[in-house]
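Following: one structure in structure tokens, then a few remarks.
In mature numbering (1 follows the signal peptide of the UniProt record, and there is no 0), the protein residues as written are -16 to -1, 1 to 285.
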């Protein structure tokens, strides 16, 4: 079933003469789909439970890259494995790395791997043939790559996507610019939930942009921004703050054994990739609704 969905998404038809566009993850795909709506449809590279941090391309995914005119991705801070496949399969495609867009208010990561143990993906075990085997050696660098969870940043991404699409498809410019304006207007009126200023713990340090929007930064994280399991120093920190924390906000596939490091706290589920939603223009707004609901559940006044 997951493979069938993957092939269906990658085979999404596009309007004649529209560029062939591939987006790396569901939220980025949603932004691109919103900008392209009425002109074409992008392909989604990573579907289902595919892990952005480490992945080996399936044949259908490789074919999508080979046929792409434009590849839109967050950047190697999120997908450190992707540079080689892009160079080999899509050497002539225009590449838009959203974390490189000028003027963004990005969040820096402090000591991303200091003293940590191994890569952890939670309860689901990923087959080496599907996801590239060992995950322990990569480094995202100093930036938190989960920037799609901030509406202002997502609006900037949409504007850059529209500009790049207009460069390679001038006939589609009116559509791209109108869709950009609609997306930006909708993002600007999103209102964060009203929450209490209480400590909470992130199951995976993927929510910094969302918590900045909400105004409730995490007091700590079990897995770090690279989804690495906690080392001894972080376990001590979590133990010290668990007594005051309201809850743990964690992805649905987080390992319950690792979350127990945060103490006996309620766990609120929030998938930063929005994988429960159908890929397409509506996914990103639905994901932001998930963000609001999760923080309300954890920190409601």
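Just so you know, even glycine gets a beta-carbon here, dropped at the ideal spot from N, CA and C. Computed from a predicted model, the values in this text were never measured in an experiment.
- For residue 207, the three-state secondary structure derived from DSSP is strand.
- For residue 255, same chain residues with a beta-carbon under 6 angstroms away, outside a window of 5 residues either side, are 235 and 236 in chain order.
- Residue 12 has its alpha-carbon roughly 13 angstroms from the corresponding atom of residue 167.
- Only buried fits residue 45, as 16 or more other CB atoms lie within 10 angstroms of its CB.
- According to DSSP, residue pairing for residue 9 in a beta bridge does not occur.
- Closest in alpha carbon position to residue 154, among 70, 141, 182 and 20, is 20.
- The continuous alpha helix (DSSP H) containing residue 70 extends over residues 67 to 73.
- With 16 or more other CB atoms across the displayed protein chains lying within 10 angstroms of its CB, residue 26 is buried.
- For residue 81, the enclosing beta strand (DSSP E) begins and ends at 78 to 81.
- Annotation for residue 190: 130 and 256 place their beta carbon closer than 6 angstroms to its own, counting only its chain and skipping 5 residues before and after.
- With a contact defined as Cβ atoms closer than 8 angstroms, residue 52 and residue 93 miss out at about 29 angstroms.
- Residues of the same chain with a CB within less than 6 angstroms of the CB of residue 148, apart from the 5 flanking positions on each side, are 80 in chain order.
- Per DSSP, reduced to three states, the secondary structure at residue 225 is helical.
- Excluding five sequence positions before and after residue 10, the CB atoms of its chain that fall closer than 7 angstroms to its own CB belong to 28, 257, 258, 259, 263 and 267, given in chain order.
- Bridge partners of residue 28 according to DSSP: 7.
- When secondary structure is reduced to three states using DSSP, residue 92 falls in the strand class.
- In the structure shown, residue 63 adopts coil according to DSSP, grouped into three states.
- Contact between residue 54 and residue 126 is ruled out by a C-beta separation of about 27 angstroms, above the 8 angstroms threshold.
- Secondary structure note for residue 253: its beta strand (DSSP E) is the uninterrupted segment 251 to 253.
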